[in-house]
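Here's the structure we're looking at; comments come further down.
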Amino acid sequence: MKPTTHSYLAALLIGTALTQIPSGANAQDTASPSPVSDEVISTGVFIPNEKKITSEITTVLDEDTFAQIGAGDIASALTRVTGLSLSQGKFVIVRGLNERYSYATLNGAPLPSPEPLRRVAPLDLFPTSVLADVVVQKTYSPEFSGEFGGGAINLRTRALPDEKFLELSINGSYNTTTTNRKGLVYAGSDSDWLGFDDGLRDLPALDANGVPTRNFENFDTLVIDTDDALPFNGGGRLSAGNRFDLDGGQSIGVLATIGYDNSWETRRGEDNTANIGGNGELVLLDSGFRESTENTVSLNGMLGIGVELDENNLVQIVGLATRQSSAEARIITGEDREDRFFRQDFTEWFEREVYMGQLLGEHFIPSLNDAEVTWRASYAKAARDAPYERRVNYENFEDGLGFRFQFNRPGTNNDIRFSELDDTTLDLGLDFAVPFDVGAREYEIKFGGAYLDKSRDSAQSDFRYFGTVPAQLRESRIDLILSDAVVDAGVLEIRRGGTTGFPDLSFATLETFGGYVALETEFFPDLRISGGLRYETSQQETAIEQSLVGGSYFQFDPLDENYLLPAVTATYTFADNWQLRLAASKTINRPQFRELTPSIFVNTDTDDRFVGNPFLTNSESTNIDARLEYYFGATQFITVGGFYKDLTNPIEEFIFNGLGESNATSFINAPRAELYGLELEFEKKFAISDKFPVLNTWLGGQDFVIRSNYTYVDSSVSADGMVSITPPSVDPSRGVTPVTISAAGLYTDGRKLQGQSDHLVNLQFGIENYEAGWDVFLLVNYTSERIRAVEDLSNGLPSIKEQLPISLDLVANVPFKVRGGDYELGFKIQNILDDRYEASQTLNGTSIIIDDYNVGTTVAASLKRRF
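In structure tokens:
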């Protein structure tokens with residue numbers, strides 16, 4: 014990636030915006046002509062209602078937007094929002110603050126997470142097709158949880174239908190890197206294509222010592238094969254709804270949807286390890302080539318039942334289920350630090366699922382100035398099951414016989430891992446909004462509270478084969494080497510392993526209660542101010558245990574905190590269609606469960622190991638925002654904003670050197686960090702026939718649309734202070750004492766926050782016909798380089814920085830009729846530039862690629878039929 018790419022994109026964005034800002038003579042032109050009127054135009058006539066009624070900085074993506082940007086899941090849709098980017102394709106980074114600082118909800122209730130490393134839900138699990146919209150709020154208001162570092166993301170389910178409908182859609186796609194090309198596969202179970210294992214991967218029964226009473230399955234879960242032509246991606250969705258109006262004036266609405274998707278992805282690229290040479294230079298330690306194929310099956314569904322008791326009272330029941338399973342086969346070949354030619358085979362199966370049930374109510378009280386009462390009760394469960402994570406080592410001795418099984422290659426023993434996680438969330442909320450007048454001035458007081466009870470249990474079991482493999486057997490296929498006959502003969506035995514020195518069971522709970530009061534009023538006709546205070550108390554507990562050691566259960570001191578969190582916002586409409594927004598608040602961020610748990614977890618995306626730190630504390634953030642907005646037409650505007658955050662005790666990663674040759678990543682409370690940035694948005698629409706009359710023959714009646722945004726972010730993490738870290742070994746039966754050291758020994762003072770990119774750019778150019786319902790858009794998304802893994806000061810290694818591909822996409826949606834039936838055809842081309850992903854380390858002008866791969870170009874089509 015050329016370092017000047019972001020400069021070109023930013024210049025294009027700013028130039029486009031400046032050339033399109035209308036002068037005073039045409040400041041109120043719109044895409045459609047308006048009748049001439051002698052009426053006085055009120056101040057702010059073009060400011061949308063949702064911008065007037067709230068002082069917060071928000072962005073709303075609705076169903077039309079999802080279609081125009083071609084987003085199949087919420088995670089990919091959010092990359093089009095100003096200041097937002099993705100980590101690992103599923104976790105949202107808001108204004109340079111990683112996913113730990115974002116807060117995701119469904120209809121206001123917190124989402125549980127099936128991810129072991131994170132308490133926040135991966136948003137790739139939630140398809141856009143089951144949602145009405147998603148609201149992103151970047152400034153804090155006290156009705157939200159105090160955990161509001163970067164922003165709040167609220168997914169809202171579809172409203173109940175106004176009439177009976179049935180909708181069927183199918184989709185398919187082709188990827189230039191994967192589809193109809195060779196890929197790695199393994200047999201798996203007969204029901205993998207449905208997203209469920211049929212019992213093949215069940216953990217065998219264990220004896221009193223935690224060792225399996227029979228051998229593991231060693232063919233369908235282990236032997237990697239090659240598929241010469243991987244299939245196309247495909248899926249479908251069925252949605253239906255109806256409304257029943259009763260004689261008593263009540264109405265009942267029902268909405269249901271279910272979807273299935275099956276996709277394949279192959280990645281090929283370098284897989285290297287760097288080190289510091291004798292002269293302090295960056296050198297290649299292990300060089301490898303990585304090839305992997307992952308088959309992902311997604312199932313999801315939603316059921317909504319609503320009862321309108323009358324025009325002022327609505328009660329809804331919402332059920333949401335989303336599930337994703339993936340089978341991956343991966344081979345890494347190369348030359349290691351001891352000049353040995355190696356091969357490692359990996360086979361994995363992951364199941365992630367979220368189930369959520371909600372009871373929601375919305376009530377208006379006409380006798381109390383149409384006061385509003387809303388309430389919710391939500392219970393959710395998330396789970397992750399990862400059975401039969403397998404790794405096998407081979408070595409080529411350069412004797413002409415090729416790769417042969419290497420039983421105990423140092424540092425990479427052949428192992429089998431089983432892990433599971435269960436996460437439950439109970440959320441209760443009650444909110445009131447009461448308008449009232451004092452003299453000629455209107456006020457609205459808001460107050461309410463919420464209760465959250467969250468728990469998470471996780472377990473991990475590691476096994477290895479031990480013994481001596483006869484030379485003649487080592488040349489056999491791996492399932493024969495590890496066969497029942499070999500184990501039954503006593504040549505090999507199965508033992509527990511892999512978690513020595515660290516617990517394999519963890520338990521965590523979080524209980525919070527929050528109450529708030531806020532007051533909003535217009536001090537003057539053009540000045541709206543809202544301010545409030547939230548009180549929030551929480552208790553977070555973490556416990557660990559070694560499953561085979563009696564009396565090893567150990568509970569750490571609870572993290573018990575109380576906070577008063579103020580927030581104030583102001584919106585000043587100081588000139589015709591001009592608004593200035595100012596906001597200030599204080600928020601907090603709690604450690605995630607895995608960050609507190611001192612047990613080992615392997616990130617399968619990078620094969621990095623993580624160890625939690627039970628001595629983490631809550632971090633606090635002071636937030637200041639300002640934004641200037643100018644609206645020069647309906648849904649047409651330009652905005653310029655700035656933000657600043659001062660973080661105390663922010664949670665950051667560091668390299669943990671407690672695992673011998675194989676280091677791991679752990680977590681600390683850095684003494685302090687600062688983050689600030691600039692945001693620019695521009696949106697313009699005009700009738701093509703007005704601007705380009707010569708095109709009226711072909712494009713008359715169409716509108717040309719420009720949407721664009723740019724974000725600049727910078728940050729600095731202080732290393733001036735002492736920090737507490739996990740000791741090199743954890744024995745729950747003896748208690749755990751922190752190790753206190755200087756932060757300056759762990760990371761460089763002043764480095765950027767992990768996951769923060771300096772530049773984020775989105776450009777959208779399109780043509781749409783509102784009456785006919787069709788549109789065509791060209792979209793560009795750019796995220797500049799950012800830290801993926803922090804530096805290792807103990808070994809002198811710099812941080813690993815990643816560069817995401819520039820995304821250039823084409824999306825089109827065209828409705829049409831066939832024999833009176835309503836259809837819609839969708840078409841998109843993604844990653845037209847065929848750009849690559851790359852992660853590297855750089856020191857003193859020397860760069861080494863750590864890993865890279867080609868994303869490929871995807872061509873997709875969908876067909877929807879509505880009855």
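Throughout, this note's numbering is defined as the position within the sequence shown, counted from one, plus 13.
Glycine is no exception: its CB is placed at the ideal position from the N, C-alpha and C atoms.
For residue i: DSSP bridge partner residues
{"i": "I429", "result": "R403, F476"}
{"i": "Y836", "result": "F829, R878"}
{"i": "P140", "result": "D86"}
{"i": "Y456", "result": "F449, T534"}
{"i": "F717", "result": "F699, I780"}
{"i": "T387", "result": "E375, D444"}
{"i": "A122", "result": "L119"}
{"i": "Q419", "result": "Its beta-bridge partners do not exist; DSSP assigns none."}
{"i": "I166", "result": "A117, V149"}
{"i": "A802", "result": "I813"}
{"i": "R666", "result": "Here residue 666 turns out to be Glu, not Arg, going by the sequence shown. Per DSSP, F680."}
{"i": "G527", "result": "A463, E549"}
{"i": "V881", "result": "Nothing in the structure corresponds to residue 881, since the chain is present only between 14 and 880."}
{"i": "D822", "result": "L792"}
{"i": "S731", "result": "R685"}
{"i": "N857", "result": "DSSP lists no partner for N857."}
Reference residue i, options the options, closest by Cα
{"i": "T190", "options": "R280, L119, D788, P225", "result": "R280"}
{"i": "I664", "options": "G291, A580, T652, I681", "result": "I681"}
{"i": "E294", "options": "A874, Y723, I861", "result": "I861"}
{"i": "Y866", "options": "A852, T95, N409, G201", "result": "A852"}
{"i": "L372", "options": "D440, A395, F229", "result": "D440"}
{"i": "R849", "options": "P174, G282, A134, L523", "result": "G282"}
{"i": "T234", "options": "S496, G247, F410, S468", "result": "S496"}
{"i": "L251", "options": "I265, D621, Y273", "result": "Y273"}
{"i": "S758", "options": "T750, T286, A732", "result": "A quick correction: the sequence has Gly, not Ser, at residue 758. The option with the nearest alpha carbon to G758 is A732."}
{"i": "T95", "options": "F650, A88, R108", "result": "R108"}
{"i": "A395", "options": "D211, F695, A334", "result": "A334"}
{"i": "D428", "options": "N844, S679, D475", "result": "D475"}
{"i": "G248", "options": "R879, N313, Q150", "result": "N313"}
{"i": "E341", "options": "E278, L856, E696", "result": "E278"}
{"i": "G527", "options": "I601, L144, Q337", "result": "I601"}
{"i": "A399", "options": "Q337, L414, E804, G413", "result": "Q337"}
CB contact below 8 Å: residue i versus chain D
{"i": "D258", "result": "Reference to chain D is not applicable here, since this structure consists of a single protein chain."}
Inter-residue spacing [alpha-carbon to alpha-carbon] between residue i and residue j
{"i": "S417", "j": "E408", "result": "Before going on, a small fix: residue 417 reads as Arg here, not Ser. Looking at the two C-alpha atoms, the distance is approximately 5 Å."}
{"i": "S47", "j": "A686", "result": "In this prediction, S47 scores a pLDDT of 35, lower than 50, which makes its location untrustworthy; the coordinate-derived value is nonetheless stated afterwards. So the alpha carbons of these two residues sit roughly 51 Å apart."}
{"i": "R93", "j": "Y760", "result": "32 Å"}
{"i": "H772", "j": "I800", "result": "13 Å"}
{"i": "V310", "j": "R356", "result": "28 Å"}
{"i": "A23", "j": "N782", "result": "Because A23 sits at a pLDDT of 47, beneath the cut-off of 50, its placement in the model cannot be relied upon, and the following sentence gives the value as read from the coordinates. Going from the Cα of A23 to the Cα of N782 covers about 29 Å."}
{"i": "L660", "j": "G159", "result": "14 Å"}
{"i": "W81", "j": "Q715", "result": "According to the sequence as given, residue 81 is Gln; it is not Trp. Approximately 15 Å between the Cα atoms of the pair."}
{"i": "A874", "j": "I842", "result": "9 Å"}
{"i": "D77", "j": "R404", "result": "45 Å"}
{"i": "R622", "j": "P538", "result": "58 Å"}
{"i": "G261", "j": "D323", "result": "9 Å"}
{"i": "I70", "j": "G768", "result": "23 Å"}
{"i": "F104", "j": "D137", "result": "8 Å"}
{"i": "L572", "j": "F606", "result": "12 Å"}
{"i": "E674", "j": "Y114", "result": "Note that E674 scores 48 on pLDDT, short of 50, meaning its location in the model is unreliable and no value can be drawn from it."}
{"i": "R878", "j": "G834", "result": "8 Å"}
Tell me, please, whether the region 181 to 201 touches the region 623 to 639 by the rule of three or more beta-carbon pairs shorter than 8 Å. With contact defined as three or more Cβ pairs closer than 8 Å, the region 181 to 201 and the region 623 to 639 are not in contact.
Report the residue ranges of all beta strand (DSSP E) runs contained in full by the region 237 to 270; include only those spanning at least 3 residues, in chain order. 238 to 240, 246 to 258
Cβ pair count under 8 Å reaching 3, the region 530 to 541 against the region 449 to 466: Remark: three or more beta-carbon pairs, one from each stretch, lie closer than 8 Å, so the region 530 to 541 and the region 449 to 466 are flagged as touching.
Could you tell me which uninterrupted beta strand (DSSP E) segments, each at least 3 residues in length, are contained entirely in the region 189 to 213, listed from first to last along the chain? 196 to 198
4 or more residues per run - each alpha helix (DSSP H) lying fully within the region 570 to 644: 606 to 609
Any contact between the region 519 to 526 and the region 554 to 563? By contact I mean 3 or more CB pairs, one from each, below 8 Å. yes
Count the C-beta pairs between the region 431 to 440 and the region 486 to 494 that are closer than 8 Å, then say yes if the count reaches three, no if not. no
Sequence ranges, beta strand (DSSP E) only - wholly within the region 283 to 368, length at least 3: 286 to 289, 295 to 323, 326 to 348
Whether or not the region 377 to 394 and the region 349 to 363 are in contact is what I'm after, with contact meaning three or more pairs of Cβ atoms, one per stretch, closer than 8 Å; do they touch? Touching, no.
Taking contact to mean 3 or more Cβ pairs, one atom from each stretch, closer than 8 Å, check whether the region 338 to 353 and the region 367 to 386 are in contact. no
Do the region 258 to 272 and the region 169 to 185 touch if we need at least three Cβ pairs shorter than 8 Å? yes
Does the region 316 to 336 come close enough to the region 291 to 305 to have 3 or more Cβ pairs within less than 8 Å? no
Count the C-beta pairs between the region 115 to 125 and the region 159 to 173 that are closer than 8 Å, then say yes if the count reaches three, no if not. Result yes; three or more Cβ-Cβ pairs closer than 8 Å.
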